[in-house]
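Chains as they are written, first to last, in my numbering: chain D, 10 to 615; chain U, 7 to 123. Here a beta-carbon is modelled for each residue, glycine too, at the ideal position from N, C-alpha and C. Bear in mind the structure is a predicted one, so any value in this text is a computation, not a measurement.
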Ligand SMILES: Cc1cc2nc3c(=O)[nH]c(=O)nc-3n(C[C@H](O)[C@H](O)[C@H](O)COP(=O)(O)O)c2cc1C
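This is how it looks when you write it as structure tokens:
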């Protein structure tokens with residue numbers, strides 16, 4: 010309800026203007042434009058009724074500067090300072106749009122912002138991968154076809170050689186969205202170059218990061234775009250078979266994929282002689298049992314082959330020897346969903362979005378202590394602060410921001426001073442975390458960083474396949490040490506021990522799981538070392554989350570009502586009615602129920 | 007022989023035709039979020055309310071499901087799009103709210119601002 014109300018307050022402005030603030034538009038004097046708009050609004054006394062947002066590059070540089078008026082998502086292009094009085098008078102005062110300046114570009118992305126509404130949440134986003142999610146009926150291929158669906162495939166088949174498709178993807182600068190961020194075009198090129206009687210295309214939809222749901226939502230919202238990307242790749246690298254590897258825990262996504270594949274076959278978008286060409290391609294689904302390690306590409310391939318999902322050393326990379334020993338192209342769901350847009354809107358356009366090294370957008374599953382939790386897709390180069398505060402709406406209940414965790418169990422925790430870090434592969438790595446597949450958890454002052462690190466290492470030690478001893482045993486040892494620290498039994502030297510173990514596990518593990526498993530621990534030690542020290546030396550947890558270190562005592566405010574006595578599960582409270590009660594420390598299990606139940610602040614938690 | 011581009015353009019035309027045949031040009035289009043997250047928040051019951059309303063005689067409505075647009079904390083979401091008007095998006099739609107949307111918005115044309123996102 011709070012969020013709804015909050016939404017209401019902001020919508021009280023009658024109009025919202027969004028001005029593109031990308032470099033190209035600034036070049037075309039968008040700054041002067043902003044000043045002109047502001048002074049014109051003042052002239053009409055409209056300053057209160059109009060809210061102005063600046064957005065990052067909207068990717069429409071050739072039509073810039075762009076000015077969007079909401080409600081209605083009326084988009085003006087090539088706006089000059091001289092046009093401002095007319096726009097304000099006609100649109101904002103007389104409620105009549107200025108038709109001569111309206112542009113409706115035929116781009117695939119962002120075309121539905123009008124429908125998304127909700128400018129505060131969507132204003133800073135850019136939807137390429139999720140362009141149709143929440144818009145079309147994912148179970149009806151007609152909806153996809155109507156929105157230029159499979160046109161990129163037709164374009165590739167008719168107007169491009171396989172090599173040209175590879176070149177276009179290479180030129181776009183797209184990098185893998187599954188975590189490692191390897192150049193997608195190069196990967197396609199390597200696989201295309203292999204000479205073999207058979208090649209495979211795989212979609213990695215294992216999505217094992219706890220709390221991540223980007224890939225699931227993308228498939229559930231728009232399954233055909235993933236299929237189209239895969240078919241195009243099949244054509245580009247010379248493969249005739251594709252496999253979607255998806256965890257069995259995603260029944261609805263699986264159902265929609267099955268429906269989509271069946272519909273695509275019916276329309277001859279899969280099968281032999283696709284769209285009247287001589288290109289054959291088909292896709293099948295393989296279900297995974299939901300093991301984190303099976304998201305690693307070589308383990309995933311083993312799993313499809315019917316063996317146990319264990320990684321193997323690379324090289325050879327899957328592009329040389331993958332599924333059944335054949336050259337195999339494996340990409341993440343989000344990577345695939347970008348392909349049709351790159352072919353239709355063009356690699357030049359795509360590479361104009363983002364930063365020097367990272368192009369396009371990234372989808373994040375925004376979760377934790379933030380107002381607007383949800384799926385967001387932002388251009389690379391957006392800062393963490395913009396995501397958390399502008400899109401996410403900040404931290405609820407007036408709490409303090411403490412850290413943001415990206416990259417799930419392979420990533421790290423960044424404290425306040427990194428909030429202005431731009432989202433791209435290199436910047437996040439430099440700050441001490443990773444891009445990962447897109448999990449983003451916001452942490453407030455109530456969280457204990459040691460417990461958080463323990464949570465992630467508990468996950469990885471459980472998910473370790475057991476092949477490498479450092480990963481199998483080392484993560485277990487780290488977990489034990491963290492457990493004892495949170496129980497108030499930490500020893501001097503534990504921090505150094507964790508650091509040494511972590512370094513060893515990273516160096517001596519075969520696959521990315523072990524190589525990254527210590528990251529959550531190491532990054533919290535780096536950025537929140539004092540919390541570890543407090544736990545070990547002072548036996549306190551500032552967040553009050555490590556209950557084993559708490560003690561509960563009854564203070565002078567007690568009136569002897571007996572509320573605490575009634576809720577105590579282990580009968581550790583004694584005292585006669587109307588007399589001050591007492592908590593027996595030996596019996597107390599520190600569950601905190603008495604603390605919650607007391608209405609008189611008579612229980613001290615320390 | 008048609009080229010792939012010609013074939014896909016024909017397919018698009020046919021698809022648009024079929025969508026229109028299902029009543030897409032109705033004055034109102036109602037979209038109910040039906041991804042795993044939305045369903046977990048109760049959108050199946052909400053969908054049922056709209057289906058029932060149409061079965062009970064509310065006319066000129068095109069009802070469709072959609073995937074998740076990302077507003078997790080406000081789900082289930084329902085969108086009412088009317089030609090020439092600003093799309094209306096409701097958050098936290100319970101079956102009761104859905105019934106009210108049918109009564110007030112679809113039948114009387116009233117936009118229920120307090121539930122809008
Ligand atoms: C432990 C581990 C888990 C992984 N899980 C996933 C996953 O769930 N989804 C995914 O796309 N990639 C995952 N990867 C990365 C894949 O190995 C591979 O790099 C990716 O699928 C390549 O696709 P991309 O280039 O499109 O990112 C994982 C890697 C490791 C080491």
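Query: Separation of residue 41 of chain D from residue 112 of chain D, as counted between CA atoms; Result: 21 Å
Query: Boundaries of the beta strand (DSSP E) in which residue 36 of chain U is found, first to last residue; Result: 34-39
Query: C-alpha distance - residue 56 of chain U paired with residue 7 of chain U, whole-angstrom precision; Result: 45 Å
Query: Bridge-paired residues (DSSP) for residue 68 of chain U; Result: U:35
Query: Rounded separation between residue 368 of chain D and residue 133 of chain D - CA only; Result: 16 Å
Query: Closer than 9 Å to chain D by CB, residue 11 of chain U; Result: yes
Query: Interface residues of chain U facing residue 142 of chain D [CB-CB closer than 7 Å]; Result: 73, 74, 75
Query: Residue-chain proximity (residue 22 of chain U, chain D), Cβ-Cβ < 9 Å; Result: yes
Query: Option in D:508, D:480, D:483, D:158 with minimal Cα separation from residue 348 of chain D; Result: D:158
Query: beta-carbon residue 16 of chain U near ligand 1 non-hydrogen atom, thresh 8 Å; Result: no
Query: Cross-chain neighbours of residue 145 of chain D in chain U, by beta carbon under 7 Å; Result: 72
Query: Proximity to residue 414 of chain D [Cα-Cα], best of D:399, D:229, D:386, D:446; Result: D:446
Query: Chain U contact for residue 276 of chain D (CB, 9 Å cutoff); Result: yes
Query: Contacts that residue 378 of chain D makes with chain U (C-beta to C-beta distance below 7 Å); Result: Correct list: empty, because the minimum Cβ distance to chain U is about 12 Å.
Query: Among D:550, D:554, D:511, the one whose alpha carbon lies nearest that of residue 535 of chain D; Result: D:511
Query: Expected contact under 8 Å - CB spacing of residue 213 of chain D and residue 153 of chain D to nearest Å; Result: Contact flag wrong, Cβ pair sits at about 22 Å.
Query: Distance, residue 545 of chain D Cα to residue 571 of chain D Cα; Result: 35 Å
Query: Residue 418 of chain D versus D:295, D:485, D:461, residue with shortest Cα-Cα distance; Result: D:461
Query: Chain-ordered neighbours of residue 385 of chain D on chain U, where CB pairs are closer than 8 Å; Result: 76
Query: Closest by C-alpha distance to residue 66 of chain U, when choosing among U:72, U:34, U:109; Result: U:34
Query: Exposure of residue 225 of chain D, with buried meaning 16 or more beta-carbon neighbours within 10 Å; Result: buried
Query: Proximity of residue 440 of chain D and residue 222 of chain D at Cβ, strictly below 9 Å; Result: no
Query: Contact under 9 Å by Cβ, residue 497 of chain D with residue 457 of chain D; Result: no
Query: Inter-residue Cα distance where the pair is residue 122 of chain U and residue 76 of chain U; Result: 16 Å
Query: Cβ-Cβ separation, residue 327 of chain D to residue 337 of chain D (assumed contact under 8 Å), whole Å; Result: 4 Å
Query: Residues of the region 39-59 of chain U whose Cβ lies closer than 8 Å to any Cβ of chain D, in chain order; Result: 39, 41, 42, 43, 45
Query: Any non-hydrogen atom of ligand 2 within 8 Å of residue 419 of chain D CB; Result: By its list of ligands, the structure shown excludes ligand 2, since it contains just ligand 1.
Query: Exposure label - residue 170 of chain D; buried when at least 16 CB within 10 Å; Result: exposed
Query: Test: residue 163 of chain D CB closer than 9 Å to a CB of chain U; Result: yes
Query: Residues of the region 217-234 of chain D whose Cβ lies closer than 8 Å to any Cβ of chain U, in chain order; Result: 222, 225, 226, 229, 230, 231
Query: Proximal chain D residues relative to residue 16 of chain U, where beta-carbon distance stays under 7 Å; Result: Those do not exist, as residue 16 of chain U stays about 10 Å from chain D at its closest Cβ, beyond 7 Å.
Query: Within 9 Å, strictly: CB atoms of residue 227 of chain D and residue 235 of chain D; Result: yes
Query: Environment of residue 333 of chain D [buried if 16+ CB atoms lie within 10 Å]; Result: exposed
Query: Cβ pair residue 565 of chain D, residue 615 of chain D closer than 9 Å; Result: no
Query: Spatial distance of residue 41 of chain U from residue 51 of chain D (CA atoms); Result: 45 Å
Query: Short Cβ contact (9 Å threshold) for residue 342 of chain D with residue 370 of chain D; Result: no
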